[in-house]
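Worksheet: the structure to be examined is printed underneath.
4 protein chains.
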Amino acid sequence: MAGVNKVILLGNLGADPEVKYLEGDNVVANLRLATTESYKDRNGNRVDQTEWHDLELWGPQAKIAEQYLKKGSQIYVEGKIKSDTWQDDQGQNRKRTKIRVISFTMVGGKPEGMGGPGSTAPTASTSTPAKQATAMNTGGAPDISMDDADDDLPF
Amino acid sequence: MAGVNKVILLGNLGADPEVKYLEGDNVVANLRLATTESYKDRNGNRVDQTEWHDLELWGPQAKIAEQYLKKGSQIYVEGKIKSDTWQDDQGQNRKRTKIRVISFTMVGGKPEGMGGPGSTAPTASTSTPAKQATAMNTGGAPDISMDDADDDLPF
Amino acid sequence: MAGVNKVILLGNLGADPEVKYLEGDNVVANLRLATTESYKDRNGNRVDQTEWHDLELWGPQAKIAEQYLKKGSQIYVEGKIKSDTWQDDQGQNRKRTKIRVISFTMVGGKPEGMGGPGSTAPTASTSTPAKQATAMNTGGAPDISMDDADDDLPF
Amino acid sequence: MAGVNKVILLGNLGADPEVKYLEGDNVVANLRLATTESYKDRNGNRVDQTEWHDLELWGPQAKIAEQYLKKGSQIYVEGKIKSDTWQDDQGQNRKRTKIRVISFTMVGGKPEGMGGPGSTAPTASTSTPAKQATAMNTGGAPDISMDDADDDLPF
DNA sequence: TTTT
DNA sequence: TTTT
Numbered sequence: 001m002a003g004v005n006k007v008i009l010l011g012n013l014g015a016d017p018e019v020k021y022l023e024g025d026n027v028v029a030n031l032r033l034a035t036t037e038s039y040k041d042r043n044g045n046r047v048d049q050t051e052w053h054d055l056e057l058w059g060p061q062a063k064i065a066e067q068y069l070k071k072g073s074q075i076y077v078e079g080k081i082k083s084d085t086w087q088d089d090q091g092q093n094r095k096r097t098k099i100r101v102i103s104f105t106m107v108g109g110k111p112e113g114m115g116g117p118g119s120t121a122p123t124a125s126t127s128t129p130a131k132q133a134t135a136m137n138t139g140g141a142p143d144i145s146m147d148d149a150d151d152d153l154p155f
Numbered sequence: 001m002a003g004v005n006k007v008i009l010l011g012n013l014g015a016d017p018e019v020k021y022l023e024g025d026n027v028v029a030n031l032r033l034a035t036t037e038s039y040k041d042r043n044g045n046r047v048d049q050t051e052w053h054d055l056e057l058w059g060p061q062a063k064i065a066e067q068y069l070k071k072g073s074q075i076y077v078e079g080k081i082k083s084d085t086w087q088d089d090q091g092q093n094r095k096r097t098k099i100r101v102i103s104f105t106m107v108g109g110k111p112e113g114m115g116g117p118g119s120t121a122p123t124a125s126t127s128t129p130a131k132q133a134t135a136m137n138t139g140g141a142p143d144i145s146m147d148d149a150d151d152d153l154p155f
Numbered sequence: 001m002a003g004v005n006k007v008i009l010l011g012n013l014g015a016d017p018e019v020k021y022l023e024g025d026n027v028v029a030n031l032r033l034a035t036t037e038s039y040k041d042r043n044g045n046r047v048d049q050t051e052w053h054d055l056e057l058w059g060p061q062a063k064i065a066e067q068y069l070k071k072g073s074q075i076y077v078e079g080k081i082k083s084d085t086w087q088d089d090q091g092q093n094r095k096r097t098k099i100r101v102i103s104f105t106m107v108g109g110k111p112e113g114m115g116g117p118g119s120t121a122p123t124a125s126t127s128t129p130a131k132q133a134t135a136m137n138t139g140g141a142p143d144i145s146m147d148d149a150d151d152d153l154p155f
Numbered sequence: 001m002a003g004v005n006k007v008i009l010l011g012n013l014g015a016d017p018e019v020k021y022l023e024g025d026n027v028v029a030n031l032r033l034a035t036t037e038s039y040k041d042r043n044g045n046r047v048d049q050t051e052w053h054d055l056e057l058w059g060p061q062a063k064i065a066e067q068y069l070k071k072g073s074q075i076y077v078e079g080k081i082k083s084d085t086w087q088d089d090q091g092q093n094r095k096r097t098k099i100r101v102i103s104f105t106m107v108g109g110k111p112e113g114m115g116g117p118g119s120t121a122p123t124a125s126t127s128t129p130a131k132q133a134t135a136m137n138t139g140g141a142p143d144i145s146m147d148d149a150d151d152d153l154p155f
């Protein structure tokens, strides 16, 4: 049935991306993203509330994340909620929820360590012409709008 | 820092709302929402993938949900991701993620038992006049756009 | 530079789709969508405010719209804002804004005239196997999640 | 009827905000926002496509925009589509579409001239204590999540 | 556990 | 011009 499962996040990475290269050309990156909201409590005091999100990126996006993102990077993300369920050692049902990223884009300009000589490897755009070039042409700040609908990923 | 944490869902309820009346006028409703996505696997076979979401509504929204929603209802939801973390009996860190609903609206026409004179329980609108009226005045089909930003809820 | 231009609509069609078949296999459908919002004015009177949106769909989506949507259909839409600018006869700059639909889905169950014998033309799924089938397999209610990023449309 | 009319934009201002102070305490700000999308045409050449959006902000938001935003600022915006229709001199029906901003937030760090002690005009926070403080407390980078649903604006 |  |  027709359904919509959409997540939109804007926040900062709490750590560098964790990237794993799997067999069969697959790459997965895991990111920790903080979204912070400020509000006033009933006494008028400002309170910051931070929510931490586990993001998962696959394929070319994982590589771009590895290359350009690091702790503190501010990104805009579109994705969907995805949970894993399993039984733990005690036979209890467990559930873990993460965000499967559909697209993301860096905001707020280039990361500090970027733009220096050789820092944005010019070979990137030639080695993976179509999608990697996307990142190169924006001057280092990856602008990723590719849809992963056809990725046929193993889950 | 400025952050965005937004969820948009369109799906069907897997069960009737579970509503709890708490001390101090507070009401909370929990909903189970299914969003189903269809795609083709690498063999061209159609696969349905259902994600189950735990929704939480507070105050007037909880009452409207109790009044109008039931198993099978199709709703559009805006909310935000919210996790609880705690330690279980074994001293392990646990996390549970749910969707705090900001606004929702029923889609696909009125529920079957609705629309006749007096069919919308009059007690609901008297207990919380202002906002409940929102639902009443649309002829029974709740159209809820109220923001809960000022609810000053206990979390 | 990285940008986001996203529109999310849920509303009803004010008229049947207008479909044009162009040279070179292209098809375009134009829809008029109403989104209605209810609010209370300063006197506590309920006011309905309707916004009309011009939607534009291309290719397989246009055909699915032609086949399944009609005046009154309730749909959920994701798209982006797109304006045309030109000079009119008086040499004045003119601008027209429409929504280029990325994906849409019908909500609220099948249209009335659907489901009967022959009503969901079986030839549709064979003539455009991959994407048209998406609509067929949902039993008539089109569930369209295809991205049109690669359509390479003439604008 | 229940409807959804939601716009999400991430882009840069093409000019400084234009702010008008109206009778009766009302303030309105108009912004020009560019969202740029990159794609490859059928020859594999990268093409940048920029869409310009007319944003309209009212009340406290207009003042915050005036105070903190300027040409080039990168902002994330949520709003809704709103059109004005009228007849021009020739008796022709005309339509102009703009985005009524519900909330916005600056991205990419503070503006350059900001952050020092006293650098954020203290008069702003006193004139509209509650909401302006939102901007003050984030260290100058306005983080605005207020809903304008209750503004009861003159349109 | 929903829906088509 | 839709819908409730």
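Chains as they are written, first to last, in UniProt numbering: chain F, 1 to 155; chain H, 1 to 155; chain X, 1 to 155; chain D, 1 to 155. For every residue, glycine included, the Cβ atom is placed at its ideal position computed from N, Cα and C.
Inset, instruction - Grab me the residues of Ser73 of chain F's own chain with a C-beta within less than 8 angstroms of its C-beta, minus the 5 sequence neighbours each way, in chain order. - result: Taking Ser73 of chain F as the centre and dropping the five residues before and after it, the same chain places the C-beta of Asn12, Leu13, Met106, Pro111 closer than 8 angstroms to its C-beta, in chain order.
Inset, instruction - From the DSSP output, in three-state form, read off Lys98 of chain H for me. - result: Three-state DSSP puts Lys98 of chain H in a strand.
Inset, instruction - Please list, in chain order, all residues of the same chain as Ala15 of chain X whose beta carbon is under 6 angstroms from its beta carbon, the five residues on each side excluded. - result: Arg32, Lys71, listed in sequence order.
Inset, instruction - Look up Lys40 of chain H in the DSSP assignment and give the residues it is bridged to. - result: DSSP lists H:Arg46 as partners of Lys40 of chain H.
Inset, instruction - List the endpoints of the continuous beta strand (DSSP E) containing Glu66 of chain D. - result: Element bounds for Glu66 of chain D: not the beta strand (DSSP E) but the alpha helix (DSSP H), 60–68.
Inset, instruction - Give a yes or no on whether 9 angstroms exceeds the smallest Cβ distance from Leu57 of chain D to chain X. - result: Among the residues facing chain X, Leu57 of chain D is not included, as its CB has no counterpart in that chain under 9 angstroms away.
Inset, instruction - Have a look at the DSSP bridge pairing and note the partners of Glu23 of chain H. - result: The secondary-structure analysis by DSSP pairs Glu23 of chain H with nothing; it has no beta-bridge partner.
Inset, instruction - Mind checking the region 70–82 of chain X against chain D and listing, in chain order, the residues whose C-beta falls within less than 7 angstroms of any C-beta there? - result: For the region 70–82 of chain X, which is checked against every Cβ of chain D, the residues closer than 7 angstroms are Ile81, Lys82.
Legend entry - Cutoff 9 angstroms: Lys95 of chain D Cβ touching any chain X Cβ: Taking Cβ atoms only, chain X reaches closer than 9 angstroms to Lys95 of chain D, which makes this a yes.
Inset, instruction - Let me know the secondary structure DSSP gives Ala2 of chain X once reduced to three states. - result: Three-state DSSP puts Ala2 of chain X in coil, outside helix and strand.
Legend entry - Buried versus exposed call for Thr35 of chain H [16 or more other C-beta atoms within 10 Å across all chains shown]: Counting every other CB atom within 10 Å of its CB across the protein chains shown gives Thr35 of chain H a total of 16 or more, marking it as buried.
Inset, instruction - Output, in chain order, the set of chain H residues within a Cβ distance shorter than 9 angstroms of Thr35 of chain D. - result: Correct list: empty, because the minimum Cβ distance to chain H is about 16 angstroms.
Legend entry - Of the listed residues H:Ala62, H:Thr85, H:Leu10, nearest to Ala29 of chain H (C-alpha basis): Residue H:Ala62 is the option with its Cα nearest to Ala29 of chain H.
Inset, instruction - Indicate whether Lys80 of chain F and Ile99 of chain F have their beta-carbon atoms separated by less than 9 angstroms. - result: In this structure, Ile99 of chain F lies closer than 9 angstroms to Lys80 of chain F by Cβ.
Legend entry - Leu69 of chain X and Val101 of chain X closer than 9 angstroms at C-beta: Not a contact, by the Cβ cut-off of 9 angstroms.
Legend entry - Range of the contiguous beta strand (DSSP E) that encloses Asp84 of chain D: Start and end: 74–87.
Legend entry - Paired residues, beta bridge with Ala29 of chain H - DSSP: Answer is H:Val19, H:Leu57.
Inset, instruction - Spatial neighbours of Thr49 of chain X within its chain, please: CB distance less than 8 angstroms, with the 5 preceding and 5 following residues excluded, ordered by chain position. - result: The question names Thr, yet the displayed sequence has Gln at residue 49 of chain X. Once the five neighbours on either side are set aside, the close Cβ partners of Gln49 of chain X are Thr36, Glu37, Ser38, Tyr39.
Inset, instruction - Quick one: list the residues of chain X neighbouring Ala15 of chain F, beta-carbon separation under 8 angstroms, in chain order. - result: Against chain X, a Cβ distance below 8 angstroms from Ala15 of chain F picks out nothing, because the smallest value is about 22 angstroms.
Inset, instruction - Could you name the residues of chain D that Leu9 of chain F contacts, counting a contact when the two beta carbons are closer than 9 angstroms? - result: Result: empty, since nearest Cβ-Cβ is about 11 angstroms, beyond 9 angstroms.
Inset, instruction - Quick one: using the 10 Å Cβ neighbour count with 16 as the cut-off for buried, is residue 169 of chain H buried or exposed? - result: Any answer about residue 169 of chain H is impossible in this case: the structure gives chain H only from 1 up to 155.
Legend entry - Glu23 of chain F classed as buried or exposed, judged by whether at least 16 other C-beta atoms fall within 10 angstroms: Residue environment: Glu23 of chain F is assigned as exposed (fewer than 16 neighbouring CB atoms within 10 Å of its CB, all protein chains considered).
Legend entry - Selected residue, minimal CA-CA separation from Asp84 of chain F, among F:Arg96, F:Gln92, F:Gln90: Distances from the alpha-carbon of Asp84 of chain F to those of F:Arg96, F:Gln92, F:Gln90 put F:Arg96 closest.
Inset, instruction - Could you check the C-alpha separation between Asn5 of chain D and Leu9 of chain X for me, to the nearest Å? - result: When the Cα atoms are used, Asn5 of chain D and Leu9 of chain X turn out to be separated by approximately 5 angstroms.
Legend entry - Residue burial classification, Glu18 of chain D (beta-carbon count within 10 angstroms, cutoff 16): It counts as exposed.
Inset, instruction - With 9 angstroms as the threshold, decide whether the Cβ of Gly108 of chain X is near any Cβ in chain H. - result: So yes, Gly108 of chain X belongs to the interface.
Inset, instruction - Report the three-state DSSP secondary structure of Val107 of chain F (helix, strand or coil). - result: Here DSSP, grouped into helix, strand and coil, assigns Val107 of chain F to coil.
Inset, instruction - Below 8 angstroms on the Cβ atoms is my guess for Glu66 of chain D versus Lys82 of chain X; work out the distance and round it to an integer in Å. - result: The beta-carbon separation of Glu66 of chain D and Lys82 of chain X, rounded to 29 angstroms, does not stay under the 8 angstroms limit for a contact.
Legend entry - Listed by chain order, chain H residues near Ala62 of chain D by CB distance under 7 angstroms: Near Ala62 of chain D there are no residues of chain H at all, since even the closest Cβ is about 18 angstroms away, more than 7 angstroms.
Legend entry - Gly11 of chain D - DSSP class collapsed to helix/strand/coil: The DSSP-derived three-state label of Gly11 of chain D is strand.
Inset, instruction - Give a yes or no on whether the minimum CB-CB distance between Thr105 of chain F and chain D is below 9 angstroms. - result: Cβ-Cβ to chain D under 9 angstroms: yes for Thr105 of chain F.
Legend entry - Cβ-based burial, Val77 of chain X [other Cβ within 10 Å; buried from 16]: Burial call: buried.
Legend entry - Alpha carbon of His53 of chain F to alpha carbon of Arg94 of chain H, nearest angstrom: Rounded to whole angstroms, His53 of chain F and Arg94 of chain H show a C-alpha spacing of 14 angstroms.
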